[in-house]
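Peer 1: In my numbering, the protein residues as written are 3 to 623.
We put the CB at the ideal spot given by N, CA and C, even for glycine.
Please read these numbers as outputs of a predicted model, since none were measured by experiment.
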Amino acid sequence: MLLLFGHPEMSLEIVLTDPIDNKKPLDTPATILVCDDDPTVRLLARECLESAGMAVLEAIDGQEALALFAQQQPDLIFLDVDMPRLNGFAVCKAIRQTEKGQNVPILIATGANGNRSIDQGFEAGATQYKTKPINWALLSRDVKYMLRAAEAFAALKAQQVQLRTLAYYDPLTSLPNRRSFVDQLTQSLDETVAHQRSMGLLMVDLDHFKRIHDPLGEALSDSLLRVVATRLEERLREFAPRGPDPHETIDRGDLKEMTIDLMRPGGDEFNIIVRNIESSQALTAIATMILEALNAPLIFRENHLVLSASVGIAVAPENGVESEAIIRRANIALSAAKLSGRNRYRFYDDSLADDAERKLRLEADLRDALESPDQLFMVYQPQVDTQSGRISGVEALVRWSHPELGAISPALFAPLAEGSGLISQLGDWIFKRVDTDIQSLKEAFPSHLTISINLSPLQFTQANFLETLKVRLSELQLNNEIELELTEGVIMSDADDSLLKLHELRKAGFRLAIDDFGTGYSSLSYLKDFPVNTLKIDQAFVANLGNESGNSIVRAILALAEALNLDVVAEGVETQEQAHFLTRHHCNILQGFLLAKPIPLPKVIEMLDVDFSHMYRIEES
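#1: Using 10 angstroms around the beta-carbon of K340, count the other beta-carbons present and answer buried if the total reaches 16, otherwise exposed.
#2: Counting only runs that start and end within the region 406-471, where is the beta strand (DSSP E) found for 3 or more residues in a row?
#3: Out of D437, A398, V195, state which residue places its alpha-carbon closest to the alpha-carbon of P600.
#4: Around the C-beta of A581, are 16 or more other C-beta atoms found within 10 angstroms, so that it is buried, or is it exposed?
#5: Just confirm the distance between the C-beta atoms of L296 and A284, as a whole number of angstroms; I'd bet it's less than 8 Å.
#6: Residue range of the alpha helix (DSSP H) that T188 falls in?
#7: From what residue to what residue does the alpha helix (DSSP H) around Q578 run?
#8: The beta strand (DSSP E) with I539 in it runs from where to where?
#9: Within 10 Å of its beta-carbon, does R363 have 16 or more other beta-carbons around it, so buried, or fewer, so exposed?
#10: To the nearest angstrom, how far is the alpha carbon of A242 from that of F80?
#11: Let me know the secondary structure DSSP gives Y382 once reduced to three states.
#12: For the pair the region 132-140 and the region 84-99, tell me if three or more CB-CB distances fall below 8 Å.
#13: Check this for me: beta carbons of Y347 and A289, under 9 Å apart or not?
#14: Are three or more beta carbon pairs between the region 381-393 and the region 596-615 nearer than 8 Å?
#15: If I'm right that L407 touches A419 with Cβ under 8 Å, what's the distance once you round it to whole angstroms?
#16: With a 10 Å radius around its C-beta and 16 neighbouring C-beta atoms as the bar for buried, classify L603 as buried or exposed.
#17: Pull up the DSSP beta-bridge partners for S312, would you.
#18: So if DSSP puts D499 in a beta bridge, which residue, or which two residues, is it bridged to?
#19: How long is the line joining the alpha carbons of L165 and L457, rounded to whole angstroms?
#20: Taking Y170 as the reference, which of R180, Q162, L596 has the closest Cα?
#21: If you check the beta carbons only, do I262 and I275 fall under 9 Å apart?
#22: For T30, which of V58, D40, A231 has the nearest alpha-carbon?
#23: Does the beta-carbon distance from M205 to N345 come in below 9 Å?
#24: Quick check: what's the CA-CA separation for P412 versus S342?
#25: Relative to the C-alpha of E506, which residue among G127, L191, L486 is closest?
#26: For P384, tell me which candidate among T489, L468, G574, A515 has the shortest Cα-Cα distance.
#27: Between the alpha carbons of D439 and L307, how many angstroms are there, rounded?
#28: Do L424 and L336 have their C-beta atoms closer together than 9 Å?
#29: For the alpha helix (DSSP H) holding D356, just list the boundary residues, first then last.
#30: Do you know offhand how far N278's Cα is from L264's?
#31: Can you tell me the Cα-Cα spacing of S554 and N321, whole angstroms?
#32: With a threshold of 8 Å, establish whether the CB of D224 neighbours any heavy atom of the ligand SAH.
#33: What residue does the beta strand (DSSP E) around A626 start on, and which one ends it?
#34: In angstroms, rounded to a whole number, what distance separates the CA positions of I34 and M56?
#35: Within its chain, find whatever has a CB closer than 8 Å to the CB of E74; leave out the 5 residues flanking it on each side and keep chain order.
#36: Can you list, in chain order, the stretches of the alpha helix (DSSP H) that have 4 or more residues and sit fully within the region 219-288?
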């Protein structure tokens, strides 16, 4: 009886890598272990096999056969059944229980006849069974066929491994992919329920990755993602080991220690499954570590990059035990983290679900508002020149009057516009409306009046930002009246790229202002190179005037601006004391409720001749 995996005459071309460690080079003869207590049998087997170009090892009993197998790792075993110390069935079973012996071909030979003996051989793990006396003329042929079959089986196994890798692992980072994530999550939730344990799902999304992707290009962005994946993997291993391969058939019921698996479902997203957690504190520690790991400067292609991420967390069984429910709730928490300012984590709770539904409705309403003639409107907050006491500029601010909900805060709809892809449309609407309003201002007040417009971080980092803006300028009548405001954080996220864009904007005729200056970025060394006109002191520093630390910061900013010949706008001026301090230290422009709130354009026009100096000048005694 002969068991084969293919036809003897079939030509088999092996193109895949054999995963078996002991595979021999193609020019190395196959090694056959012959185990029989009869020296005549061993001699005849040796003559037959060596004449066919094979190498032969000999063992006189079962114990010696096991020792030689462990040492030499032969390609095939010719095994007698009736031997002293250990018979052939026992040897066969012992070999099959080893990792290296699971797939090696084993030919069992015996003088016994009958189905029972044959059944015992195959139950022990034999590949082929022969009865004595052996036809020696056919032995080498049978051995060759068995080796060929083993090679084909190894190739098939390698192909299966390769296909599973393609199916379940991300080729970019070698992390488990989306399909593997769904399978692992389902399995982990089943284990959580069955063994009454807890698990967590963390969804990690890199903040504003498109800002980096667009200038770097696809290839370099992929390289960066690999670096990020490696850093996260290394840091996660400090907390807990990786979980077992979910595709292995093992019982995980006894696995009680915490395990962590990092996966990449796609894009700039990473998912983390944490099994067997004692409390949510472990998830808090992991989320904090993720943020710290990404916040740490990353040297990539000789550039220093600082990344951040938003993390959404859902816990089972508290937040559900079904895959779809846990994924949805982790996503809701992730969205909440983004809308809260990014670079933070949020746990899911039911209130977030209500907020998510409300934001979805608002997103649809915002789309309608952009097409409506009367929902969105502009207001302008005056900026007063401290020398003349007159309005020298205004900051343009968009407002939304919802037909049912009333006034919607910009703090809500601006991030909503960014997250929904509506920010470009909103930007177009603002520019067009400001263009119309500028013409009215020119008619009422012909002298120069600056109008400041805030640029969204997403707008500034879009790959086609400059081209789009130039097209818009060619359609409108805007000139030097416009001052574009960019936050310090946006500019410093990629200082070299920002420098190029800022120069292009100046060439296009725009004035440039750095908004919220001094809020924590080390930009002083770059500031002298940036072609900006104005610094805007963050209102948090103005609010802190009156104590020494607040005073010192503002004085330092004003001194720096004076040295670089830059205008300074102090935002959030609400008291005369603040105004007095700022004017004494040569702040040349004030903006805040003390002078005027954001108001419609006709009100601004009415106030153009007003002298505001009495609100901030100290009378000489």
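Peer 2: Concretely, from the data shown:
#1: buried
#2: 408-410, 452-456
#3: Residue A398 is the option with its Cα nearest to P600.
#4: buried
#5: Wrong, their Cβ atoms sit about 19 Å apart, outside the cutoff.
#6: 180-196
#7: Bounds of the alpha helix (DSSP H) holding Q578 are 578-586.
#8: Element bounds for I539: 536-539.
#9: exposed
#10: 46 Å
#11: strand
#12: no
#13: At the C-beta level, Y347 and A289 come within 9 Å of one another.
#14: yes
#15: Between A419 and L407 the Cβ distance is about 16 Å, and since that is not below 8 Å, they are no contact.
#16: buried
#17: D207
#18: Answer is none; D499 lacks a bridge partner.
#19: 48 Å
#20: Across the set R180, Q162, L596, the C-alpha of R180 shows the shortest separation from the C-alpha of Y170.
#21: yes
#22: V58
#23: no
#24: 13 Å
#25: Out of G127, L191, L486, L486 has the C-alpha closest to the C-alpha of E506.
#26: Distances from the CA of P384 to each of T489, L468, G574, A515 were compared; the closest alpha carbon is that of G574.
#27: 40 Å
#28: no
#29: 352-373
#30: Distance between the alpha carbons of N278 and L264 is about 15 Å.
#31: Distance from the CA atom of S554 to the CA atom of N321, rounded to whole angstroms, is 49 Å.
#32: Ligands displayed in this structure: none; no statement on the ligand SAH is therefore possible.
#33: Residue 626 lies beyond the residue range present for the chain, which begins at 3 and ends at 623; the question has no answer from this structure.
#34: 7 Å
#35: For clarity, residue 74 is Gln in the given sequence; the question names Glu instead. The answer, listed in chain order, is T33, L35, L59.
#36: 220-239
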